[in-house]
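If you read the sequence shown in the numbering used here, its first letter stands for residue 623, the second for the next number, and so on. Working notes, structure below.
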Amino acid sequence: MSNQPTTVDQELETLIRARYPIVYVVSWEERRVEEALREICQRRGKKLVQWTITSGLGGNIGARDPIAALDQVLSAPDQSVFLLKDFHPFMTDHVVIRKLRDLVYALKTSYKTLILLSPMLKLPVELEKEITVVDYQLPTVTDLDRLLEGIIQSVRGNSQVDVRLSTDQREQVLKAASGLTSNEAENVFAKSLVEKRCFDIDVILGEKEQIIRKSGILEYYRASEAFNDVGGMDLLKDWMNQRTASFSGKAKEYGLPEPKGILLLGVQGCGKSLTAKAIASLWRLPLLRLDVGRIFAGIVGSSEENMRKAIATAESVAPCLLWIDELEKGFSGTQSSGISDGGTTSRVFGTFLSWMQDKKAPVFVIATSNDVSALPPELMRKGRFDEIFFVDLPAHPERKEIFSIHLRKRGREVANHDVDLLASKAIGFSGAEIEQVVVSALYTSFHDGARELTDSDMLDVIKVSVPLSRTMREGIAELRYWASDRARPVASAEAEDLDMDYTDDDTN
Ligand SMILES: Nc1ncnc2c1ncn2[C@@H]1O[C@H](COP(=O)(O)OP(=O)(O)OP(=O)(O)O)[C@@H](O)[C@H]1O
Ligand SMILES: [Mg+2]
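Right under this line is the structure:
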């Protein structure tokens, strides 16, 4: 399969022509990269010389040793591109690192290029400034289409399978397969033909979910929450509704920029995570949840590698929503991390920030956090997120809505309850706590001979509950103060001042 030059191929060619000494290509797809390099070399009249630990340099078994191989690169004639496959395990050795640095200077004045190709990025700090990293993108829709056509041709005449596809179906199949490597796509197309005797979208999507799950960092989230399940937040809802069609071709034609993302800051249990899921249903886009903690957990690959991979996967699934829940868990203390973790956190965070700033792919980021003090200030700078929203405790009208939602969810008729009264007694309760009031009261009434739930069951629970806002009054006041001139409120109604005493005689 011959590759049409894509943008990465062009970038590689430019780097080679501009005499960049060492280029690090990150890709799982050795075959594609190799083919692209072969074509570049042909065009530019260069020789392609390969190295692997098993076969040495250019088939010279004597140069299997990494240092011997680098020596040979140094002494080889000009006009060559050296492709070193899976060299990364050897880049921890200080002699290898020094040799590579020496090569950087020597190659700059030569017509030789050293290409390091591995599926993961592992770069020692000493070489960070010397080596250019190229992320070899996953196959484009055109690449996948060619691959699909190849499969269709190869089974033509086989009456056991039906490979006919309408234009629409073909587009759907390709969209479902986007985000897979060529190998993965080839496998899943074949699997679908074996299992279903045709190209089946569900088989392909199922496989893609598997692959995203296997990457261990992103989670494909099936959103079941509707926007109507979120109580209150009228302003945020308006904002989101206005942008529902913003990823369409029509919006682009009209001149609208694609929205970048929002940061939801606020009080615990007030519906930040819930909102993220609801937006996915509203916009009907896949929701990928990024676990920042796992990026750093070291279970799978290096932290930087994990961040890059997560971004690449999200872009390949675009348009989609990238949900970064509890942002502070991963990125807290980036300022001090220079000491604690050799700057890894800062670098990973930097990767994320610059991606946010420049991203072209329609990936809408929804980040949530309930601790502003833990977040690095760079994050708040204009241009990163479209908007920073502050999710406060629900005000009276919102609490009414939240009571109604959770009563309805549990099969209760809202008209049979005085939600206005309930809301006025539940000052300082978060959405999660209101839900808990309904649930606890239901336990009581069920235990009490499964009789119907009454308002006094709920009022009793409210009376004995200590909402978080009481124990964390100061924290919330601080958060409100911080947000007052930095963030936009999600709701038009203002929540009660927690320093006021709202207790009245008839409830006590
Ligand atoms: N505005 C709301 N409307 C309806 N239900 C709500 C609302 N806020 C919270 N809830 C209920 O409380 C649950 C927990 O809320 P959620 O996890 O979204 O809070 P959060 O703001 O993400 O909290 P944390 O900061 O602890 O992550 C929700 O699943 C939902 O059932
Ligand atoms: Mg949450």
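Using N, Cα and C, we set each Cβ at its ideal position, and we do this for glycine too.
- Counting only residues of its own chain and dropping the five nearest sequence neighbours on each side, Ile773 has a CB closer than 8 Å to the CB of Val785, Glu808, Phe811, Ala812, Leu815.
- Residue list for ligand 2: Lys894, Ser895, Asp947, Thr990 (CB closer than 6 Å to any heavy atom, chain order).
- For Gly952, the CB contacts under 7 Å within the same chain, skipping 5 residues up- and downstream, are Val914, Gly915, Ile917, Phe918 in chain order.
- Leu696 is the residue among Leu696, Glu750, Ile946 whose C-alpha sits nearest the C-alpha of Ser732.
- In terms of CA proximity to Ala1037, Glu1023 leads the group Glu1023, Leu997, Ser1046.
- Rounded to whole angstroms, the Cβ separation of Leu659 and Leu705 is 6 Å, and the two are in contact under 8 Å.
- The three-state secondary structure of Ala1109, taken from DSSP, is coil.
- Between Lys751 and Ala798, the C-beta spacing is not below 8 Å.
- Residue burial is scored here from C-beta neighbours: Ile737 has at least 16 other C-beta atoms within 10 angstroms and is therefore classed as buried.
- Ile988 is positioned such that its CB atom lies no closer than 8 Å to that of Leu1044.
- Judged by beta-carbon spacing, Arg1021 lies within the 8 Å limit of Phe1051, meaning their Cβ atoms are closer than that value.
- At least one heavy atom of ligand 1 sits closer than 7 Å to the Cβ of Pro1016.
- Distances from the alpha-carbon of Pro643 to those of Leu907, Ile901, Asp700, Thr762 put Asp700 closest.
- According to the DSSP secondary-structure assignment, Trp945 is paired through a beta bridge with Arg911, Ile988.
- For the pair Gly1053 and Cys820, the CB atoms are not nearer than the 8 Å cut-off.
- Going by DSSP, Leu739 is part of the beta strand (DSSP E) stretching over 734-740.
- In the displayed model, Ser1091 falls within a helix according to three-state DSSP.
- In this chain, Ser938 is not harboured by any beta strand (DSSP E); it is covered by the alpha helix (DSSP H) spanning 925-939.
- Contact between the stretch 1105-1113 and the stretch 1006-1015 is present: 3 or more CB-CB pairs across the two stretches fall below 8 Å.
- Judged by beta-carbon spacing, Gly854 lies beyond the 8 Å limit of Pro1089, meaning their Cβ atoms are not closer than that value.
- Between the stretch 1076-1086 and the stretch 1058-1067 there are three or more inter-stretch CB-CB distances shorter than 8 Å, so the stretches are counted as touching.
- DSSP places Leu1120 in the coil class of the three-state scheme, outside both helix and strand.
- Per DSSP, the unbroken alpha helix (DSSP H) holding Gly772 starts and ends at 763-777.
- DSSP places Ile644 in the uninterrupted beta strand (DSSP E) bounded by 644-648.
- Annotation: Leu796 to Ala902 spans about 22 Å, alpha carbon to alpha carbon.
- At least one heavy atom of ligand 1 lies less than 7 Å from the C-beta of Ser1052.
- No heavy atom of ligand 1 is found nearer than 7 Å to the CB of Cys820.
- Here DSSP, grouped into helix, strand and coil, assigns Gly678 to strand.
- In the DSSP assignment, Lys1004 is bridged to Phe1007.
- Straight through space, the alpha carbons of Gly1005 and Gln979 are spaced by roughly 7 Å.
- Here Glu841 really is in contact with Leu910; their C-beta atoms are around 7 Å apart, less than 8 Å.
- In the structure shown, the three-state DSSP call for Val755 is strand.
- In chain order, Ser868 place their CB closer than 7 Å to the CB of Leu878, counting only its own chain and leaving out the 5 sequence neighbours on each side.
- Residue range 840-843 is occupied by the beta strand (DSSP E) that includes Glu841.
- Distances from the CA of Thr803 to each of Leu907, Val985, Val655, Lys668 were compared; the closest alpha carbon is that of Val655.
- One Cα belongs to Ser776, the other to His716, and the distance between them is close to 50 Å.
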